[in-house]
Ligand SMILES: Cc1ncc(COP(=O)(O)O)c(C=O)c1O
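Structure (structure tokens):
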């Protein structure tokens, strides 16, 4: 491919910080100096309590443990999401229950949530697709009425906002990703944001193999021991060193990403006006983070033809999630609250355009190649 879909980038100090972790700090296991600095950055920019994890998947698993899900419990979520949103729930023996998404943002349709609640519902897991917020006011109000926890799958949503509030700070718990396709990266990486103080202590314990090791290092207990269930969810300080270098450049990186997003949006505007495709819709009260740029096509066949056309021109334009309710594990482990017509439709029609830092002419080439497909 001449223009790949993603390309990992260096923001500046990654290698120097990794060497510092190894040679100066002599600490490359978890919770070293760099992890603490990443926590401080997240807490300053978002609020709440931050705990770095080795992936967003790990943070979602921690959230499921913190919600004390048991076999048979239900968690509402969209089917148009990454497997980890559902897997975290299924690992506890609980059942992901799918709710359809909105036509405009492709996020869970808040108007359909109440009808999907049963006596077994314990939580709502919302996904801010492409860094555009779900309708959190309505979702939080429904959750409070029924005593449900809210988990934000904010894998794609770092530094995006809803009515001025950072995503990842509105639900009880939130999971962020630093996977190499995300806005800030450490190869693999993630964070759990704990927004309700009463869950913070247990979150630390679950992350540290069920021990009170974090309290021990704060000199709160004389020795540490096994106090609860847990696993090893913390990343090496070497990866935190890499991540901190990215965090330090977050605003510049965000600006660059938004500029690429804006070029795509402007370059394809008239194709939307002509009814040839649909561009992303960002409600005015949502400030997105340029995480990804997608277009919606007429149908599956047209998408197949456009992907082939782009590939012939050396451009990688992948589709995205295959709805989980249609997957083999989804059919065994999940339930749909009601038919999911919007999910089924948009999942077949969505195509993502290349997006990475350091793009120069590439967005224009991508735009021209899409335009040629439509004879424009
Ligand atoms: C919505 C969503 N949730 C969770 C994940 C998992 O993130 P990670 O690879 O950091 O585990 C992804 C990954 O792309 C995602 O898009």
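Numbering (the working numbering), first residue to last: 7 to 382.
Just so it is clear, CB atoms sit at the ideal spot from N, CA and C, and this is done for glycine as well.
The structure presented is a predicted model; accordingly, all values stated were derived computationally and were not measured.
Rounded to a whole number of angstroms, what is the C-alpha to C-alpha distance between residue i and residue j?
{"i": "residue 142", "j": "residue 328", "result": "25 Å"}
{"i": "residue 295", "j": "residue 164", "result": "7 Å"}
{"i": "residue 169", "j": "residue 51", "result": "16 Å"}
{"i": "residue 89", "j": "residue 186", "result": "17 Å"}
{"i": "residue 184", "j": "residue 241", "result": "11 Å"}
{"i": "residue 223", "j": "residue 38", "result": "11 Å"}
{"i": "residue 303", "j": "residue 288", "result": "18 Å"}
{"i": "residue 312", "j": "residue 19", "result": "39 Å"}
{"i": "residue 339", "j": "residue 310", "result": "30 Å"}
{"i": "residue 280", "j": "residue 360", "result": "23 Å"}
{"i": "residue 172", "j": "residue 107", "result": "22 Å"}
{"i": "residue 286", "j": "residue 112", "result": "9 Å"}
{"i": "residue 374", "j": "residue 17", "result": "29 Å"}
{"i": "residue 66", "j": "residue 91", "result": "7 Å"}
{"i": "residue 291", "j": "residue 226", "result": "43 Å"}
{"i": "residue 343", "j": "residue 320", "result": "41 Å"}
{"i": "residue 118", "j": "residue 130", "result": "12 Å"}
{"i": "residue 95", "j": "residue 367", "result": "43 Å"}
{"i": "residue 215", "j": "residue 239", "result": "8 Å"}
{"i": "residue 261", "j": "residue 154", "result": "36 Å"}
{"i": "residue 341", "j": "residue 254", "result": "42 Å"}
{"i": "residue 347", "j": "residue 148", "result": "23 Å"}
{"i": "residue 381", "j": "residue 278", "result": "14 Å"}
{"i": "residue 284", "j": "residue 109", "result": "11 Å"}
{"i": "residue 234", "j": "residue 80", "result": "23 Å"}
{"i": "residue 383", "j": "residue 220", "result": "Summary: the structure shown does not reach residue 383, with the chain confined to residues 7 through 382, and so no result is reported for it."}
{"i": "residue 384", "j": "residue 272", "result": "This structure cannot settle anything about residue 384, because the visible part of the chain is limited to 7 through 382."}
{"i": "residue 258", "j": "residue 189", "result": "11 Å"}
{"i": "residue 134", "j": "residue 40", "result": "28 Å"}
{"i": "residue 151", "j": "residue 74", "result": "19 Å"}
{"i": "residue 345", "j": "residue 46", "result": "43 Å"}
{"i": "residue 308", "j": "residue 282", "result": "11 Å"}
{"i": "residue 23", "j": "residue 349", "result": "43 Å"}
{"i": "residue 193", "j": "residue 132", "result": "24 Å"}
{"i": "residue 98", "j": "residue 335", "result": "15 Å"}
{"i": "residue 32", "j": "residue 333", "result": "45 Å"}
{"i": "residue 12", "j": "residue 93", "result": "25 Å"}
{"i": "residue 182", "j": "residue 207", "result": "19 Å"}
{"i": "residue 365", "j": "residue 25", "result": "28 Å"}
{"i": "residue 265", "j": "residue 213", "result": "37 Å"}
Just to confirm, are residue i and residue j a CB contact at a threshold of 9 Å?
{"i": "residue 100", "j": "residue 76", "result": "yes"}
{"i": "residue 175", "j": "residue 199", "result": "yes"}
{"i": "residue 300", "j": "residue 357", "result": "yes"}
{"i": "residue 69", "j": "residue 157", "result": "yes"}
{"i": "residue 180", "j": "residue 58", "result": "no"}
{"i": "residue 372", "j": "residue 323", "result": "yes"}
{"i": "residue 72", "j": "residue 114", "result": "no"}
{"i": "residue 209", "j": "residue 55", "result": "yes"}
{"i": "residue 244", "j": "residue 28", "result": "yes"}
{"i": "residue 191", "j": "residue 14", "result": "yes"}
{"i": "residue 326", "j": "residue 379", "result": "no"}
{"i": "residue 384", "j": "residue 205", "result": "Since the first residue of the chain shown is 7 and the last is 382, residue 384 is not available in this structure."}
{"i": "residue 196", "j": "residue 61", "result": "yes"}
{"i": "residue 354", "j": "residue 305", "result": "yes"}
{"i": "residue 297", "j": "residue 53", "result": "no"}
{"i": "residue 362", "j": "residue 10", "result": "yes"}
{"i": "residue 167", "j": "residue 42", "result": "no"}
Below 8 Å on the Cβ atoms is my guess for residue i versus residue j; work out the distance and round it to an integer in Å.
{"i": "residue 104", "j": "residue 352", "result": "So it is not a contact: roughly 14 Å between Cβ atoms."}
{"i": "residue 274", "j": "residue 376", "result": "7 Å"}
{"i": "residue 120", "j": "residue 145", "result": "Not really, about 10 Å apart at Cβ, beyond 8 Å."}
Quick one: using the 10 Å Cβ neighbour count with 16 as the cut-off for buried, is residue i buried or exposed?
{"i": "residue 125", "result": "exposed"}
{"i": "residue 64", "result": "buried"}
{"i": "residue 229", "result": "exposed"}
{"i": "residue 251", "result": "buried"}
{"i": "residue 331", "result": "buried"}
{"i": "residue 437", "result": "A query on residue 437 cannot be resolved here, the shown segment of the chain reaching from 7 to 382 and no further."}
{"i": "residue 21", "result": "exposed"}
{"i": "residue 78", "result": "exposed"}
{"i": "residue 177", "result": "buried"}
{"i": "residue 30", "result": "exposed"}
{"i": "residue 391", "result": "The structure shown does not extend to residue 391, since the chain is modelled only from 7 through 382, so no value can be given for it."}
{"i": "residue 337", "result": "exposed"}
{"i": "residue 128", "result": "buried"}
{"i": "residue 122", "result": "buried"}
{"i": "residue 8", "result": "exposed"}
{"i": "residue 84", "result": "buried"}
{"i": "residue 263", "result": "buried"}
Quick check on the contact list: which residues have their beta carbon closer than 6 Å to a heavy atom of ligand 1?
What you get when you keep residues with a C-beta closer than 6 Å to any heavy atom of ligand 1 is 61, 62, 63, 87, 88, 90, 91, 133, 159, 161, 162, 183, 185, 196.
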